[in-house]
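Novice:
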Amino acid sequence: MPSLNAQAKHPVSITLNGRTRMGHASPRMLLSDFLRHELGAHGTKVGCEHGVCGACTIRLDEVAARACLTLAVQADGHRVDTVEGLAPEGRMTALQDAFNRHHALQCGFCTAGILMSLSDYLERVPKPTETELRDMLSGHLCRCTGYAGIVRAVMDVTGQTSGNADAEDASGRKEPVHV
Amino acid sequence: MTALTKAPSEIAPAAGAPASAALIGQPIPRLEDAAILTGQARYTDDLPVKPGTLHAAILRSPHAHAEILGIDVQAACAMKGVSAVVTGEDAKRFAAPFLVGVRAQMEHWCLAVDRVRYAGEPVAVVLADDRYLAEDALDRIEVRYRPLPVVMSIDQALSGDGEPLHPAVGSNIVNTRPFSYGDVNAALKAAEHRISATVHYPRNSCTPMECFVVMADYDRADGAYEVLSNFSGPFAIHPVMAKALKVPGSKLRLKLPPNSGGSFGNKQAVFPYIVIMGVCARVAGRPVKWVEDRLEHLMAATSATARRTDLEAAVSGDGRILGLRMEQTDDVGAYLRAPEPASLYRNHGNLTGAYRIPALDVVNRLAVTNKTPTGLNRGFGGGQLYFAIERLMHRIAVTLGLDPLDVIRRNLVPAAEMPYTTASGGILDSGDFQAAVEAAIADGGLDDLKTRRDRARAEGRLYGIGYAAIVEPSISNMGYITTVLTADERRKAGPKNGAQASATVSVDPTGGVTVTVASAPQGQGHRTVLSQVVADVFGLRLGDIAVNTEFDTAKDAWSIAAGNYSSRFAGAVAGTAHIAATRLRDKLAKLAASQLNVTPEDIRFAGGRVFAAGNPDNSLSFSRVAAAGHWSPGTLPDGTEAALRETAFWTPPPLKAPTESDVINSSACYGFVFDICAVEIDPVTAQVRIDKYVTMHDAGRILNPLMVEGQILGAFAHAVGTALYEEYAYGSDGRFLSGTFADYLVPTACEVPVPLMLHRESPSPFTPLGAKGVGEGNSMSTPVCIANAVADALGLEISTLPLTPARIAALIEKPEVAKPAGMAAVPSKAPATAGGRGLRGEGSRTVPASPEQVWAILLDPKELAALLPGCDALDLAGPNAYRAEVVVGIGPVRARYVAEVELTDLDPPRALTLSGRGSSALGFGEGSGHVTLEAAADGTRVVYRYDAAVGGKVAAVGGRMLDSATRMLIGQFFDRLIARAGGPAAVETSPSLLTRLLRLLGLRP
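Listed in order, the protein sequences are those of chains D and Z. So for the first sequence, full-length UniProt numbering puts the first residue at 1; every next one is plus one. So for the second sequence, full-length UniProt numbering puts the first residue at 1; every next one is plus one.
#1: According to DSSP, which residues form a beta bridge with Q328 (chain Z)?
#2: Quick test of your reading: G918 (chain Z) and Y897 (chain Z), contact by CB under 8 Å. State the CB separation rounded to the nearest angstrom.
#3: Taking H200 (chain Z) as part of the beta strand (DSSP E), name the residues at either end of that continuous run.
#4: Secondary structure at T767 (chain Z), three-state DSSP: helix, strand or coil?
#5: Look at the alpha carbon of F179 (chain Z) and the alpha carbon of D488 (chain Z), and state the distance between them as a whole number of angstroms.
#6: Based on the DSSP secondary-structure assignment, which residues constitute the bridge partners of G18 (chain D)?
#7: Tell me where the beta strand (DSSP E) around H697 (chain Z) begins and ends.
#8: Where does Y132 (chain Z) sit, in a helix, a strand or coil, going by DSSP?
#9: Against G714 (chain Z), what residues of chain D qualify as contacts under a CB-to-CB distance less than 8 Å, listed in chain order?
#10: State the DSSP-derived secondary structure class of C280 (chain Z), mapped to helix, strand or coil.
#11: Around the C-beta of N615 (chain Z), are 16 or more other C-beta atoms found within 10 angstroms, so that it is buried, or is it exposed?
#12: Mind checking which residues open and close the alpha helix (DSSP H) that includes S779 (chain Z)?
#13: Assuming Y43 (chain Z) contacts P257 (chain Z) (C-beta within less than 8 Å), just tell me the rounded distance between them.
#14: Is H394 (chain Z) helix, strand or coil by DSSP?
#15: On a CA-only basis, which of Z:A306, Z:L376, Z:G431 and Z:A416 is nearest N370 (chain Z)? Give me that one, please.
#16: Just to confirm the assignment: which complete alpha helix (DSSP H) runs, minimum length 4, are found wholly within the segment 453-507 of chain Z?
#17: Three-state secondary structure (DSSP) at G923 (chain Z)?
#18: Report buried or exposed for H65 (chain Z), applying the criterion of at least 16 other Cβ atoms within 10 angstroms of its Cβ.
#19: Closest Cβ-Cβ distance between I36 (chain Z) and chain D: below 8 Å?
#20: Using a beta-carbon distance cut-off of less than 7 Å, what residues from the segment 678-712 of chain Z approach chain D?
#21: Measuring only the C-alpha atoms, how far is residue 1038 (chain Z) from F973 (chain Z)?
#22: Compute the distance between the beta-carbons of G563 (chain Z) and I475 (chain Z), then report whether it is under 8 Å.
#23: Evaluate H24 (chain D) with the Cβ neighbour count: other Cβ atoms within 10 Å of its Cβ, from every protein chain shown; 16 or more gives buried, anything less gives exposed.
#24: Below 8 Å on C-beta distance, what does E210 (chain Z) contact in chain D?
#25: Across the segment 272-287 of chain Z and the segment 211-218 of chain Z, are there enough close Cβ pairs to call them in contact, namely three or more that are closer than 8 Å?
#26: Would R134 (chain D) pass as an interface residue toward chain Z - the criterion being a Cβ-Cβ separation below 8 Å?
#27: Nearest to G159 (chain D) by alpha carbon, out of D:T111, D:K127, D:C56 and D:G47?
#28: Answer with buried or exposed for T833 (chain Z), where buried requires no fewer than 16 other C-beta atoms within 10 angstroms of its C-beta.
#29: What three-state label does DSSP hand K289 (chain Z) in the structure shown?
#30: Between Z:P763, Z:G843, Z:T87 and Z:N704, which lies nearest to residue 1006 (chain Z) when the distance is taken from Cα to Cα?
#31: So A423 (chain Z) and A359 (chain Z) are supposed to be a Cβ contact under 8 Å. How far apart are they, rounded?
#32: Using a beta-carbon distance below 8 Å, is N5 (chain D) in contact with chain Z?
#33: Along chain D, which residues have their Cβ under 8 Å away from the Cβ of Q524 (chain Z)?
#34: Write down the C-beta distance between I389 (chain Z) and V407 (chain Z) rounded to the nearest angstrom, noting that I regard them as a contact closer than 8 Å.
#35: Could you tell me which whole beta strand (DSSP E) segments of length 3 or greater appear in the segment 106-149 of chain D?
#36: For the alpha helix (DSSP H) containing H348 (chain Z), name the first residue and the last one.
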């Protein structure tokens, strides 16, 4: 790794959602701050800045990563994908659409991170069991939904139902798994 | 009874509700989601800042209680990029202490003046060109403190021991208020049984994912503040902020953003920071921005009150409660911060819960402790209240050998008595509690659960079932808080009551409809529900309604009850929007009537058309009528105002001020919640597993079932955390111990099951749409329901939360067997003294040099500096006394400590004591190590014993790592000493734990 002058700002160039974006960052600047405040990509949220809550999750070279635990200079020359890039031309993906139908978000502050983790995870595990899915989601904190709608949305979009889903109401929601 | 996920429910229209409601009651997915899901939604920290904005970082007290002897900001001010450092001196110049809700001499300044009273209290603010530079400068502020004894529990405050936090008050019980409703003494004397319980509710918080954000500016010409913040209300706090800034309310313009990342009440507590940043903007003469970080939020933002409740009930042989005596003591933290003591009074009208208890005596006390001030938190006061009441119900059943369900059934308020006035004045507005309970038992499958319990117990497993029945108050009476004052004090202050909501609906020349409300949505779906309500009134589609969720005190209609709290949206805010829309519709009907040659009463609105009731072909498009209101006001009938904009204010009729006898209806509506919980406890790990959870709600008329179930699921998840995991933990010396999400355990997707949700709808007679609040019920009912299930499983009393494995293990496990002989001793924790986290340990190492050589190294400042990890140089400060700068990293934080190091008890070349104390922006640390040197065959055996204490941020975030980090630092010291003395070079063969951790966190290459 090259040695950088700690006191100086350095040019950082990333491929953000398919486009080259350039900005400047001091070596200690977090990737989350660089995205949000240097490039104006506010879709990525910051919830704890110590790597637990998952709100800032982005994809770095296609792998889900915490932007708050990554330095901007580490991303120089790399591909970064954020929530803004999920729905090109404004058409929501099936997953985003399922989040809406299943009321998988309320305040929405954790949502971008969860979507980015899922976009990576579902490429690798296209049909997770509910247990596998919940295990993966445990890397994200949501204070609004109790995770129920998130689980329902993913089970729906992966062509599975979460449990004994024989009933479906007007909004197309499936019956949740009751404990 | 219906499960909304199975079938849409029959909705009985409430009085005044439109008969042909098309959208209200439908499970319509949210309109706000698309912007959030695509990353377009704007939260406060995403909004643009003015050019030249300074970024703030706050220096916080590492001590829970200390005098401030002096603050030196010179070095910080001299740093690159720093514009100003603001302290309590500036607060004294430009601000006033906050108003306090009781008569007691307690001064609470936005920045500490003379004394700090909780760990994390703001002491100074650095304003710099960016946040990184501001945080750098925090390290350079030197504050000298004189630590004071701390008060860390309600019981300590009650005992009268300990230093008064506010000397002018003289006691840490700052308010005591007795209330008497009916003859409880007579009931107790006459009763067959007297059953009592004492419970303790812990401090916890809902911790929204978005922390506080404040952007403030000061206009010198106008002497006015302008602030943008994710404040949530209640706007009764606005006058508190304005008075603290010493301006009239009109000179504190407060704007709220379009989106907020959750609140659950907590965002109320941003208000002291609005005042701080106002002062900062004024001092710096530039706009300022502050974004709270998670450690700050956990440590110092706000908390639910901890509460001790003592209950004694007069109980008949069959389990009916004839009279209840309760003493409640709330720990409100270091200051009674507005709107406290609301936690203690919010439920005053429903202290007897869902039960018919004819006589009630109450003593309410407020205790101050050296902890973070408390405030709004989902369930506000209800979790505390029902933890006591529903534990008592369970206890009555166990004591009398009754089925807990029968005790609940016999005490529930009968449906025939609705609306029912409670002993303390609450008016339970509607519902059939018995029917709801029976439906939950049948549809929730209680019989199956009992079979499972029997089977589990037969196999020797720990399985239990618990219940809770509560009323869920919504739409707070702004007068309830004055119940803390005596009737005499209230007479002097003037009556306070009501819960005014406001909404504005306007129609533009193209027929577009815009709705604004005095609320601050944090994810509840205001845009969707308001669109449903207003679209129905005008016969339009959802997409025709634009709901603007930004808010501006300088331009929007509001009053003190405005804001998003006390579950007031569905009942009050949506209802008020309905009133405003209906008024505007009536005006449009007049406009249309003159053009269609019918009377306004015959005008109908549907499908985007305005038409005559008897002849739908005689019609105009909605937009045509709207255009007429703008383009041809002259065509209006005489006396009709043309403006197509209506603002409605509405207050719930039953909300009066407290009476002379302290009777108060504290909320406009009371929903009903009945829960059944089955748990199994692992006898080995002591983990509680929720096997099944059933929650029955009657929240009046349901406006959108998706939103209602979302609220229930969210409150349930919070409650699982409250019951099993979450607690703001403090050391006995006031140190805050849960400063990260790795320490404050929020439930993840693996811990939160999906409850079975059941619903009934008994419309409230008191709200415009018949709706009641629903977002807090499970925060009140679920913690105690889980506790009752655990008590049933263990056959033991449960008197506090959270029910962590450690707590359960202490109840069920036998004493640990003794450690096998020969096992290495683990350093024991020293009792924390002098305000720190106690660390203690001992050990020995052999150094390949003679005792004299080792001694010479230790006594040479240059040599010693090279041995101390993180130390660059020691400056001589006296004989064998040095001053040093030491950089220490624990977990995710690193701190530059300014330390005083001293060598004492010198017994050359045999023994010495090395002691040091230091402080930094991250806290303080002190310790001493006694070292003896013994000549050995292969050099010198160095034996050491140390005691250390660490406080402040390092203790809060790195508590779990302190012991190992200390051992590692000592290890490094000896590695260097051995290397210096000529032994094997202290080359790290594998990276240390700390290095690995820092690498993991990206702080080390």
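Virtual Cβ for every residue (Gly too), placed ideally from N, Cα, C.
Specialist: On the basis of the coordinates in this document:
#1: Z:T309 and Z:N364
#2: 4 Å
#3: H193 to Y201
#4: coil
#5: 14 Å
#6: DSSP lists no partner for G18 (chain D).
#7: V688 to D698
#8: helix
#9: Q106, R143, C144, T145 and G146
#10: helix
#11: exposed
#12: G777 to L794
#13: 6 Å
#14: helix
#15: Z:A306
#16: 487-493
#17: strand
#18: buried
#19: yes
#20: I690, D691, K692, Y693, L706 and G710
#21: Only positions 1 to 1005 of chain Z appear in this structure, which leaves residue 1038 (chain Z) out of reach.
#22: no
#23: exposed
#24: K45, G47, C107 and F109
#25: yes
#26: yes
#27: D:K127
#28: The predicted position of T833 (chain Z) is uncertain, since its pLDDT is 43 and thus under 50; no value can be drawn from it.
#29: strand
#30: There is simply no residue 1006 (chain Z) to check, as chain Z begins at 1 and stops at 1005 in what is shown.
#31: 6 Å
#32: no
#33: Q106
#34: That pair is no contact at about 12 Å.
#35: none
#36: Unbroken run through H348 (chain Z): none, as it is neither H nor E.
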